[in-house]
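This report refers to the structure that appears directly beneath it.
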Amino acid sequence: MTGEEYANLLSNIQKINKIEWVTKGDPWEADVCKIRVFADSITFDMIWGYPKYSAETSWYDAFLISFVLWKLRKQYGETEDFKPIYNTDELTKEINNCIKLLEDNGVSVNFNAEG
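All residue numbers for the sequence shown refer to my numbering, where the first residue is 14 and numbers rise by one.
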């Protein structure tokens, strides 16, 4: 999938049903950490980063994850314009806040550790 196709996919999402953390390897020092997105009739993973090797999320991944989180918040009444979150700590907080928002609205959210 090209970058343009991926951007179109994200832009055309009508409803985000759930987001979850997914890690591969040790959850505290994962080889890769992703955000699993359940939207419309599709499920896909977005790369958050590689904690075992670097504490930073790439600007492109942070931009895309921020966009999905903003779309999720819009479903629950967010009126602010989209502003990407590039700071890894702030992005992590926002992911967790969105998971809490889902849970507060009756959505069951899991943490997925893959071997």
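Cβ atoms here follow ideal geometry from the backbone N, Cα and C, with glycine treated the same way.
DSSP places N21 within a helical segment (H, G or I) once states are collapsed to three. Excluding sequence positions up to five before and after N125, its CB lies within less than 8 Å of the CB of E33, W34, V35, T36, R49, all in the same chain and listed in chain order. Of the other Cβ atoms in all chains shown, 16 or more fall within 10 Å of the Cβ of G62; this residue is therefore buried. Contact annotation: V122 and I112 have beta-carbon atoms nearer than 8 Å. Judged by DSSP in its simplified three-state form, V81 adopts helix.
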